[in-house]
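Right, dumping it as structure tokens:
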């Protein structure tokens with residue numbers, strides 16, 4: 296699937312803030328991204344529940360994992376030249 300760094304950042308941020316729907320997240324975590332760098336980020340996201348297990352089994356990852364996701368959003372936005380952020 297073709298995605299831009301900004302699209303990937305928006306998807307991750309939408310999940311962390313609860314703004315995106317579950318289908319968007321399922322698609323992101325399930326469908327390979329054509330760009331190898333963005334695919335590597337997607338794979339890191341998929342591994343977060345193992346690296347940062349949630350205390351509550353209903354959560355995707357722990358707070359440390361969510362913070363890592365926020366850092367990825369910042370890195371992607373810096374890479375894409377967009378400093379835009381949405382309110383959490």
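Numbering (this note's numbering), first residue to last: 296 to 383.
For glycine and all other residues, C-beta sits at the position ideal for the given N, C-alpha and C.
Residue j beta carbon less than 8 Å from that of residue i
i	j	result
residue 336	residue 296	no
residue 349	residue 355	yes
Unbroken alpha helix (DSSP H) run spanning residue i, endpoints
i	result
residue 375	358-375
residue 332	331-346
Where residue i falls: helix, strand or coil (DSSP)
i	result
residue 313	coil
residue 350	coil
residue 328	coil
Integer Cβ distance of residue i from residue j, believed to fall under 8 Å
i	j	result
residue 298	residue 330	7 Å
residue 328	residue 307	So it is not a contact: roughly 12 Å between Cβ atoms.
residue 346	residue 360	7 Å
residue 311	residue 365	6 Å
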